[in-house]
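Student: Handing you a structure now.
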Amino acid sequence: MKRGMKKYHGITLLVILGIVSLYIIKLYNDKLTTKNNIEYSIGVIETSAVNENSYVNLYSFDGELNGIIKMKVSDINSGFLFPVRDGDNIYLNSQGTYKSGNDEVVEYNLGNNKYSTHKISAAIISLDKYENYIFTTSNSSINKYDINSKEIVNSITIPAFPSHINIVNGQLYAFSQLISDKNSSVLYIIDIDSMEILKTMPLKDRSFQADSLQVNDNIYFTNWFDTADSEINSLSKYNIQTGILTDIKLSNGSNQLKIKDNNLFISNFNPVQRTGNSINILNLEDDSIKKVLNFNHRVEDFDIYEDKLIILDDYKIYIYQLNDYYGADLINEFNVKNTNNKNYRISGFFIN
1 MKRGMKKYHG ITLLVILGIV SLYIIKLYND KLTTKNNIEY SIGVIETSAV
51 NENSYVNLYS FDGELNGIIK MKVSDINSGF LFPVRDGDNI YLNSQGTYKS
101 GNDEVVEYNL GNNKYSTHKI SAAIISLDKY ENYIFTTSNS SINKYDINSK
151 EIVNSITIPA FPSHINIVNG QLYAFSQLIS DKNSSVLYII DIDSMEILKT
201 MPLKDRSFQA DSLQVNDNIY FTNWFDTADS EINSLSKYNI QTGILTDIKL
251 SNGSNQLKIK DNNLFISNFN PVQRTGNSIN ILNLEDDSIK KVLNFNHRVE
301 DFDIYEDKLI ILDDYKIYIY QLNDYYGADL INEFNVKNTN NKNYRISGFF
351 IN
């Protein structure tokens, strides 16, 4: 009799454990959703070059995880690309898995948290969006893709490796590394209608441009290395009207650019060596360094929302409050990796 009771209790315990497990799975699936009414402030991209799926983890500024969007695309926002925003859409590249590459651009809608993909070209390094077109770089080619017809309508091949493109005033600026001289770059200015080169500007002793930003008649752009393959401590400025190129000395290297009021925030981060923990603040009235912010963590990716400075380092988000003199006080930090799979990494974030 006692043996039968023990067996009965054992079965009951298994049933209870099963119910609890199902409840836990349900709670997780409630987070793993594509509902369009999720309130969030930060979308964190979690991706892998081994697994086929990627995720966008949706957080509040308080660090609360409000939802997880699962996407059947691999290795998104890969390489040295920052998310490209156009209106309510974010555009990301997809490099695919190690076993099979990918030729897609991911279009993620901030309003309904849904995504779509555009098959354009393999090995996309940089991209930009203009009107109904997506422009991508692949090896030495720059492609113009029509979103409506879903096809490449024009392309150009240049004798260089374009690392970053930016469309300004209807012209495409392609910052490219010379194939014949790895220590120097070239700026190609290309007509986006005909895809013909309008102008070529040598960028001697400047190698690999990762970001650029238009401010009035000037395009500011970052540089990684000089002729010695060492970090170059400068930011460059190209004047659209005069064609004059000037350099601005910084306290360290430049990687990513953001603007607040009349000040340019310039991050120092070397993605190859994974070093760099500061932000230079440049006064755009006279191109002078107003302040240098140093942190106890790296500045892998960053953005500014109102008076908040949001920084990504590896698997953590740091949120700082900017004061009137652009000092930065840490107000929150939280982990943003939600898979236990070591093959997944955080490849960037965006602000909703």
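Reminder that position 153 of the sequence shown reads as 153 in the working numbering, one-by-one numbering, no gaps. From the three backbone atoms N, C-alpha and C, an ideal C-beta is built for every residue, glycine too. Since we're looking at a predicted model, the values are computed, not measured.
Which residues share a DSSP beta bridge with residue 54?
Tutor: Numbered from 1 along the sequence shown, position 54 holds the residue referred to as residue 54. Paired residues: 71.
Student: Would residue 180 and residue 203 be called neighbours here (beta carbons separated by less than 8 Å)?
Tutor: Residue mapping note: residue 180 aligns to position 180 of the sequence shown, counting from 1. Residue mapping note: residue 203 aligns to position 203 of the sequence shown, counting from 1. Not closer than 8 Å, so no.
Student: Within this structure, are the beta carbons of residue 278 and residue 208 separated by less than 8 Å?
Tutor: Indexing the sequence shown from 1 puts residue 278 at position 278. Indexing the sequence shown from 1 puts residue 208 at position 208. Not in contact: residue 278 and residue 208 (Cβ atoms no closer than 8 Å).
Student: Taking the beta strand (DSSP E) that residue 214 falls in, what are its first and last residues?
Tutor: Translated into positions along the sequence shown, residue 214 becomes position 214. It spans 212-215 - the beta strand (DSSP E) in which residue 214 sits, taken as one unbroken run.
Student: Just checking my contact of residue 82 with residue 253 at CB under 8 Å: how many whole Å lie between their CB atoms?
Tutor: Against the sequence shown, residue 82 aligns to sequence position 82. Against the sequence shown, residue 253 aligns to sequence position 253. Wrong, their Cβ atoms sit about 16 Å apart, outside the cutoff.
Student: Counting pairs of beta carbons, one from the region 249-264 and one from the region 281-291, are three or more of them closer than 8 Å?
Tutor: Judged by Cβ distances under 8 Å, the region 249-264 makes contact with the region 281-291, as three or more pairs qualify.
Student: Verify whether the separation of the beta carbon atoms of residue 41 and residue 331 is less than 8 Å.
Tutor: The sequence position of residue 41 within the sequence shown is 41, counting from 1. The sequence position of residue 331 within the sequence shown is 331, counting from 1. No, they are not a contact pair.
Student: Straight-line CA distance for residue 151 to residue 342?
Tutor: For the purposes of this step, residue 151 is taken as residue 151 along the sequence shown, with counting starting at 1. For the purposes of this step, residue 342 is taken as residue 342 along the sequence shown, with counting starting at 1. Roughly 36 Å between the two C-alpha positions.
Student: State buried or exposed for residue 256, treating a residue as buried only when at least 16 other CB atoms are found within 10 Å of its CB.
Tutor: By one-based count along the sequence shown, residue 256 stands at place 256. With 16 or more other Cβ atoms within 10 Å, it is buried.
Student: Can you tell me whether residue 344 is buried or exposed? The criterion is at least 16 other CB atoms within 10 Å of its CB, across all chains shown.
Tutor: As a first step, residue 344 must be located in the sequence shown, where it is residue number 344. Under this definition residue 344 is a buried residue.
Student: By Cβ distance, which residues of its chain are closer than 8 Å to residue 218, with the 5 residues on each side in sequence left out?
Tutor: The residue labelled residue 218 in the question sits at position 218 within the sequence shown. Result list for residue 218: 237, 238, 239 and 240, in chain order.
Student: Beta-carbon within less than 6 Å of residue 305's beta-carbon, same chain only, minus the 5 sequence neighbours each way: which residues are those?
Tutor: If you number the sequence shown from 1, residue 305 lands on position 305. 351.
Student: Among residues of its own chain, excluding the 5 on either side of residue 249, which ones have a beta-carbon nearer than 7 Å to its beta-carbon?
Tutor: Within the sequence shown, the letter at position 249 stands for residue 249. So the list reads 233 and 234, once near-sequence residues are dropped.
Student: Looking at the secondary structure, which residues open and close the beta strand (DSSP E) in which residue 46 lies?
Tutor: Here residue 46 refers to the residue found at position 46 of the sequence shown. From DSSP, the beta strand (DSSP E) with residue 46 extends over 42-48.
Student: Should residue 136 and residue 149 be called a contact, given that it needs their Cβ atoms to be closer than 8 Å?
Tutor: The sequence position of residue 136 within the sequence shown is 136, counting from 1. The sequence position of residue 149 within the sequence shown is 149, counting from 1. No.
Student: Taking Cβ positions, are residue 267 and residue 299 nearer each other than 8 Å?
Tutor: Counting from 1 along the sequence shown, the entry for residue 267 is found at position 267. Counting from 1 along the sequence shown, the entry for residue 299 is found at position 299. Going by C-beta atoms, residue 267 is nearer than 8 Å to residue 299.
Student: Return the residue from the list 141, 105 and 146 that minimises the CA-CA distance to residue 176.
Tutor: Numbered from 1 along the sequence shown, position 176 holds the residue referred to as residue 176. Nearest option by C-alpha distance: 141.
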